[in-house]
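The next block holds one structure in the form of structure tokens; read it before the comments.
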Amino acid sequence: MDLADRTAVVSGGVSGLGFATARGLVARGAHVVLLDLPSSRGADAAAELGDRAVFVAGDVTVEDDVRVALEAVPTGRPLGVVVACAGVADPGRVLGRDGVLPLTAFDRVVRINLLGTFNLVRLAAEALAAVPADDAGERGVIVQTASVAAFDGQIGQAAYAASKGAVAAMTLPLAREFARIGVRVVTIAPGVMETPMMAALPEDAQASLGAQVPFPPRLGRPEEYASLVLHAIDNGYLNGETIRLDGSIRMAPR
């Protein structure tokens, strides 16, 4: 896919993995629509990326908001890439010091991480189906974001692991269904990454987490996630797969 004449929509695109991905896409010539919350630094992020980026304020769990982002694709630069990075990682033990985990807490994580991802994917697939196919029959690529917690979630991550496990589980059935419209689906499952959520932890806690990674013994960098997104776009035979990006870490129970 020649990104120079295509547009990418990136949810959670204003910070962390999403912003690094948007930057990488713009560097490759793509136009980018950053979909993120109204409270985010969206206008500044778009300005930083230049005139090939636009910010759309919205919530991935709201259908109309996602449709507005998809409609922001400029004329003559058809949609080609969709990257779902929006998510939360609210921790919470099921049986904590203050009692049982509120159902609303579990619902919030699953709603944003799973329902929000699916909402973007289903509407993006509808939009991509109307895009002319290239010589290989491909119309676009969808990249979802799971987590290593999908496979070895820690204590306090029941909601997060459930939501990310479900995202990983969607990958193959979505890829099989979208094969008829020439759209590939790939999921990335990052390990411990340098993101705003991680930056909220004390430096010694971040260093401790990085040291648990076998090699290289450090936190993953957002640009490494972005690099894998770009590879997924470039590699036309990569489809229906969830790829761990984690330095071979396997998370301990806590």
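Just add 30 to the spot in the sequence shown (first one is 1) and you have the working numbering.
Glycine is no exception: its CB is placed at the ideal position from the N, C-alpha and C atoms.
The three-state secondary structure of residue 134, taken from DSSP, is helix. In the same chain as residue 160, and ignoring 5 residues on each side of it, no C-beta atom comes closer than 7 Å to its own. Residue 195 and residue 133 have their alpha carbons spaced roughly 19 Å apart. Restricting attention to 172, 44, 228, 221, the CA atom closest to the CA of residue 207 is found in 172.
The alpha-carbon separation between residue 264 and residue 258 amounts to approximately 10 Å.
Secondary structure at residue 184: coil, using DSSP grouped into helix, strand and coil. Excluding sequence positions up to five before and after residue 164, its CB lies within less than 7 Å of the CB of 31, all in the same chain and listed in chain order. Residues 52, 56, 62, 64, 76 of the same chain have their beta carbon placed closer than 7 Å to that of residue 83, with the five preceding and five following residues left out of the count. Cβ-Cβ distances below 8 Å link residue 249 to 222, 223, 224, 228, 236, 239, 240, 243 in the same chain, with the five nearest sequence neighbours on each side left out; the list follows chain order.
In the three-state DSSP reduction, residue 172 falls in the strand class (E or B). Membership of residue 41 in the beta strand (DSSP E) is indicated by the continuous run 37-41.
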